[in-house]
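Read through the structure below, which is laid out as structure tokens, and then see the notes.
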Amino acid sequence: MNDDSSGRALSRRELLSMIGVTAGSAAMFQAMSSLGFAADSPYGGPIDLQQAPKGASVLVLGAGIAGLAGAFELRNAGYRVQVLEYNDRAGGRNWSLRGGDRYVELGGEAQECRFDKDLYINPGPWRIPHHHRGMLHYCRTLRVPLEPFVQVNYQAYVHNSGAFGGKPQRYRTIKADYQGHVAELLAKATRQHALDSSVSVEDQEKLLESLREWGALDENFAYVASGESSDRRGFDKAPGGGLSGRPTPSEPIALSDILKSDLWQNIAMGDVYDMQTALFQPVGGMGRIGEAFGRELGPLIRYRSKVIDIHQDEHGVTATYVDPGDPAGTRMSARADWCLCTIPLSVLAQIPMNVGSAMAQAIAAVPYASAVKVGLQFKRRFWEEDEDIYGGITYTNLPIMNIGYPASGYHSRGKGVLLGAYIWGASAMEFTAMTPAERVRKAVEYGSQIHPQYPQEFDNGIAVAWHRSPFTMGCFGIWSDGARAAHYDNLCRIDGRIALAGEHASYINAWQEGAVTSALDAVGRLHQRAIEQGAKA
Amino acid sequence: MKAGRRHGLRRIGAVALATAVLAVAAHADQPSAASSEARTSRTGAQIFAHICQGCHMPDGRGATGAGHYPGLAGNPTLASWQYVATTVLNGRKAMPPFGLPGDQYSGFLKFVMVQLSDAQVADVVNYVRSNFGNRFKASVTAAQVAGLAHPGAASP
Numbered sequence: 002m003n004d005d006s007s008g009r010a011l012s013r014r015e016l017l018s019m020i021g022v023t024a025g026s027a028a029m030f031q032a033m034s035s036l037g038f039a040a041d042s043p044y045g046g047p048i049d050l051q052q053a054p055k056g057a058s059v060l061v062l063g064a065g066i067a068g069l070a071g072a073f074e075l076r077n078a079g080y081r082v083q084v085l086e087y088n089d090r091a092g093g094r095n096w097s098l099r100g101g102d103r104y105v106e107l108g109g110e111a112q113e114c115r116f117d118k119d120l121y122i123n124p125g126p127w128r129i130p131h132h133h134r135g136m137l138h139y140c141r142t143l144r145v146p147l148e149p150f151v152q153v154n155y156q157a158y159v160h161n162s163g164a165f166g167g168k169p170q171r172y173r174t175i176k177a178d179y180q181g182h183v184a185e186l187l188a189k190a191t192r193q194h195a196l197d198s199s200v201s202v203e204d205q206e207k208l209l210e211s212l213r214e215w216g217a218l219d220e221n222f223a224y225v226a227s228g229e230s231s232d233r234r235g236f237d238k239a240p241g242g243g244l245s246g247r248p249t250p251s252e253p254i255a256l257s258d259i260l261k262s263d264l265w266q267n268i269a270m271g272d273v274y275d276m277q278t279a280l281f282q283p284v285g286g287m288g289r290i291g292e293a294f295g296r297e298l299g300p301l302i303r304y305r306s307k308v309i310d311i312h313q314d315e316h317g318v319t320a321t322y323v324d325p326g327d328p329a330g331t332r333m334s335a336r337a338d339w340c341l342c343t344i345p346l347s348v349l350a351q352i353p354m355n356v357g358s359a360m361a362q363a364i365a366a367v368p369y370a371s372a373v374k375v376g377l378q379f380k381r382r383f384w385e386e387d388e389d390i391y392g393g394i395t396y397t398n399l400p401i402m403n404i405g406y407p408a409s410g411y412h413s414r415g416k417g418v419l420l421g422a423y424i425w426g427a428s429a430m431e432f433t434a435m436t437p438a439e440r441v442r443k444a445v446e447y448g449s450q451i452h453p454q455y456p457q458e459f460d461n462g463i464a465v466a467w468h469r470s471p472f473t474m475g476c477f478g479i480w481s482d483g484a485r486a487a488h489y490d491n492l493c494r495i496d497g498r499i500a501l502a503g504e505h506a507s508y509i510n511a512w513q514e515g516a517v518t519s520a521l522d523a524v525g526r527l528h529q530r531a532i533e534q535g536a537k538a
Numbered sequence: 006m007k008a009g010r011r012h013g014l015r016r017i018g019a020v021a022l023a024t025a026v027l028a029v030a031a032h033a034d035q036p037s038a039a040s041s042e043a044r045t046s047r048t049g050a051q052i053f054a055h056i057c058q059g060c061h062m063p064d065g066r067g068a069t070g071a072g073h074y075p076g077l078a079g080n081p082t083l084a085s086w087q088y089v090a091t092t093v094l095n096g097r098k099a100m101p102p103f104g105l106p107g108d109q110y111s112g113f114l115k116f117v118m119v120q121l122s123d124a125q126v127a128d129v130v131n132y133v134r135s136n137f138g139n140r141f142k143a144s145v146t147a148a149q150v151a152g153l154a155h156p157g158a159a160s161p
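Chains as they are written, first to last, in this note's numbering: chain A, 2 to 538; chain B, 6 to 161.
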């Protein structure tokens with residue numbers, strides 16, 4: 002798709018930069034896997050703060066996952082805790098939009114969610130990998146029931162509008178054919194002694210056997226139409242019972258067509274550490290976690306509180322706040338010995354706060370990413386009824402990038418809700434610049450290229466562009482390598498009586514586990530300091 | 006050697022983004038609110054309509070939530086084209102940098118960045134400074150933008 006007219010080889014970095022602007026999430030995730038972005042959660046089990054110093058208090062700013070987990074642990078240790086939250090709900094980006102919800106974005110556009118009962122989208126995070134132990138711990142503790150999130154669905158599509166006449170291909174077909182052809186080539190090279198210098202003769206025997214197994218090759222190490230290859234890529238006529246049950250194998254797509262289609266970019270997704278099975282979602286929507294924390298902390302959280310100033314002195318920290326709905330802007334204040342501030346840097350960078358220049362510079366050093374999600378309600382679950390797609394994700398080079406199928410409510414009668422778009426990068430900025438109605442319209446228009454049922458079955462939709470979100474003004478913090486080296490530690494170090502936490506103060510950016518591990522790390526250090534100083538205001 | 010590499014990056018990024026912008030422009034029928042008074046290049050208007058107005062809003066008046074996006078209408082900082090161009094190139098606080106060559110990013114973060122050529126930066130700076138009631142001369146050139154510090158330019 003991209004021509005380098007000079008004809009010279011592209012550097013790795015140039016290639017990546019090009020993919021980033023022109024290709025979809027497929028390429029992103031492919032690169033995630035090859036660049037080793039994924040990191041193990043450092044969560045080491047429930048923390049056990051010893052008893053808080055007598056009478057000590059902590060002011061927590063922000064009731065997202067970091068603020069909630071921090072407040073929960075501090076309260077349990079005996080601190081007097083007060084939480085200030087801008088929204089009128091707990092959870093922050095941990096959030097589900099359900100029928101009856103109203104969402105007003107920056108600029109004033111209001112949307113009413115008109116989904117049927119039990120249907121929802123998660124505008125923010127939507128999956129919890131099995132190794133995000135911190136998040137899973139709080140789900141267990143708060144009794145938030147989980148169910149499997151389907152990441153890889155072999156029946157879902159990979160789609161490139163410029164390949165195969167724009168016809169979406171099954172994930173299973175592209176994966177099987179890519180793998181089969183690669184196995185055949187490697188077997189050929191082995192048998193032609195091209196690998197003699199790197200693989201011993203005994204190992205070559207094993208290698209050939211493994212390639213036959215891995216690629217579904219025939220007895221001549223060829224990837225051809227057969228029962229074996231069809232058992233991977235699918236049959237023209239699948240096996241059944243009785244006289245009509247005789248299967249017909251299918252013909253593999255030629256290697257050149259697979260390569261030219263670029264659809265191989267989409268097949269390693271489920272191999273990425275953060276995407277590996279098993280993954281989970283809370284029953285009823287990701288927002289159930291924030292809601293459970295909200296119930297647990299009850300009156301400790303003061304909602305509709307917009308922090309406009311944070312001031313520390315030698316005895317404590319005072320936050321000045323207003324009710325964002327109060328036209329008079331009446332100033333109120335809250336004070337405690339210590340402060341755990343989880344306000345996103347996009348907002349915090351604008352709030353006067355007397356910290357040293359190291360932390361102040363760090364707060365100002367992190368740009369925020371764009372992301373857009375669009376939820377679409379349809380009159381029936383045609384993806385299940387017509388296409389046998391139960392959960393999972395279709396990847397496309399169209400600006401919508403992803404279509405996510407609900408991993409719950411299978412075979413429900415009545416309406417169903419798809420994640421009709423999950424967009425990053427340049428396309429996310431372009432969708433953000435549209436009105437919500439236009440985003441929904443575009444999601445339906447693009448999605449129709451993959452599911453022709455769209456125009457007939459579409460019912461209503463809702464769109465969240467994270468740069469228009471009043472409470473975060475962006476999706477998540479983007480650390481450049483240079484900014485990370487210069488500022489990350491300064492962001493996380495306690496300044497006087499103020500500690501920062503959130504996904505932005507982690508190496509697991511954009512994941513809830515980053516928020517949890519960041520909060521626990523900060524709370525542990527804050528507690529240590531409180532004990533050392535006696536914490537009396 | 007380094008200059009050559011930077012040049013290559015800049016060229017590719019510019020072409021790729023122009024493609025992305027134009028691709029959407031071809032089927033986006035939501036007009037820029039400011040298009041009637043646009044007196045500068047179509048490219049500047051398109052970049053504003055497809056990127057900048059996401060935060061600064063179609064009328065250039067910004068918005069306020071837990072924090073705020075500054076308005077561009079009647080904003081005194083626009084008097085300095087260098088200030089505006091530097092903001093677009095390097096970002097400012099949470100506003101992402103759009104300059105080339107980009108900073109170094111690890112993993113998937115590479116793919117969330119959007120990069121504009123110096124010519125595109127000049128176009129959008131001119132557009133912003135001569136619309137929304139602003140009456141500054143729209144005469145900034147790509148060469149002038151190229152003379153400003155770019156993000157990541159010093160990194161290896």
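We put the beta carbon where it would ideally sit given N, CA and C, even for glycine.
For the stretch 452-488 of chain A, the continuous alpha helix (DSSP H) assignments of 4+ residues that do not extend past its boundaries occur at 455-458, in sequence order. Close CB contacts of ASP119/A within its chain, under the 7 Å cut and outside five residues either way in sequence, are with GLY410 (chain order).
Taking every protein chain shown into account, the CB of VAL59/A has 16 or more other CB atoms within 10 angstroms, so this residue is buried. A check of alpha carbon separations from ALA500/A across GLN277/A, ALA523/A, PRO54/A identifies ALA523/A as the nearest. Put simply, the CB of GLN51/B is far from chain A, with every gap to its CB atoms at 8 Å or more. Under DSSP, the beta-bridge partners assigned to TYR110/B are SER481/A.
Along the stretch 297-312 of chain A, going in chain order, the ones with a CB nearer than 9 Å to a CB of chain B are LYS307, VAL308. Excluding residues up to 5 positions away in sequence, TYR74 lie with their Cβ nearer than 6 Å to the Cβ of CYS60/B in the same chain.
Contact check for PRO130/A and GLN277/A: beta-carbon distance about 7 Å, within the 8 Å limit, so the pair qualifies. With a threshold of 16 other beta carbon atoms within 10 Å, PRO106/B meets it and is buried.
Non-local beta-carbon contacts of ALA188/A in its own chain, meaning distances under 7 Å to residues more than five positions away in sequence, involve LEU209, LEU212, LEU218, PHE222 in chain order. Note on the stretch 213-292 of chain A: whole alpha helix (DSSP H) runs with a minimum of 4 residues are 228-234, 256-262, in chain order. Between TRP127/A and MET287/A, the C-beta spacing is below 8 Å.
Within chain A, the residues placing a beta-carbon under 8 Å from that of GLN58/B are ALA434, ordered along the chain. Fully enclosed beta strand (DSSP E) runs of no fewer than 3 residues occupy 158-160 of the stretch 158-192 of chain A, in order along the chain. Straight through space, the alpha carbons of TYR44/A and ILE509/A are spaced by roughly 12 Å. Contact between the stretch 465-474 of chain A and the stretch 417-437 of chain A is present: three or more C-beta pairs spanning the two stretches fall below 8 Å.
Secondary structure note for ALA148/B: its alpha helix (DSSP H) is the uninterrupted segment 147-151.
Under the DSSP assignment, LYS443/A falls in the alpha helix (DSSP H) whose first and last residues are 437-448.
Only TYR110, SER111, GLY112, PHE113, LEU114, LYS115, PHE116, VAL117, MET118, VAL119, GLN120 from the stretch 110-132 of chain B bring a Cβ to less than 8 Å from some Cβ of chain A. Excluding sequence positions up to five before and after TYR132/B, its CB lies within less than 6 Å of the CB of THR45, GLY49, ALA50, PHE53, all in the same chain and listed in chain order. Of the candidates ALA531/A, PHE116/A, TYR158/A, ALA520/A, TYR158/A places its Cα closest to the Cα of TRP265/A. For the pair of segments examined, the stretch 476-483 of chain A was found not to touch the stretch 331-342 of chain A: the number of CB pairs separated by less than 8 Å stays below three.
TYR396/A is the residue among ALA111/A, TYR396/A, LEU419/A, GLU533/A whose C-alpha sits nearest the C-alpha of SER162/A. According to the DSSP assignment, GLY376/A belongs to the beta strand (DSSP E) that extends over 372-379. Contact annotation for PHE472/A against chain B: GLY70, ALA71 [CB-CB distance below 8 Å, chain order]. At least one C-beta of chain B is nearer than 8 Å to the C-beta of TYR369/A. A check of alpha carbon separations from LYS142/B across ALA127/B, ALA154/B, ALA151/B, ALA148/B identifies ALA127/B as the nearest. Taking every protein chain shown into account, the CB of THR191/A has 16 or more other CB atoms within 10 angstroms, so this residue is buried. Beta-bridge pairing by DSSP links LEU420/A to GLY376/A, GLY405/A. Chain-ordered listing is empty here: chain B has no CB closer than 7 Å to the CB of GLY246/A, the nearest sitting near 45 Å.
Counting the other Cβ atoms within 10 Å of the Cβ of VAL130/B gives 16 or more, which makes it buried. By the Cβ neighbour-count rule, GLU504/A is buried, with 16 or more other Cβ atoms within 10 Å of its own. Exposure of GLY357/A is indicated by the presence of fewer than 16 other C-beta atoms within 10 angstroms of its C-beta. Every alpha helix (DSSP H) stretch that sits fully inside the stretch 48-111 of chain B and reaches 4 residues is listed by chain position as 58-61, 86-95.
With respect to the 8 Å criterion, LEU521/A and ILE66/A are not classified as neighbours on the basis of their beta carbons.
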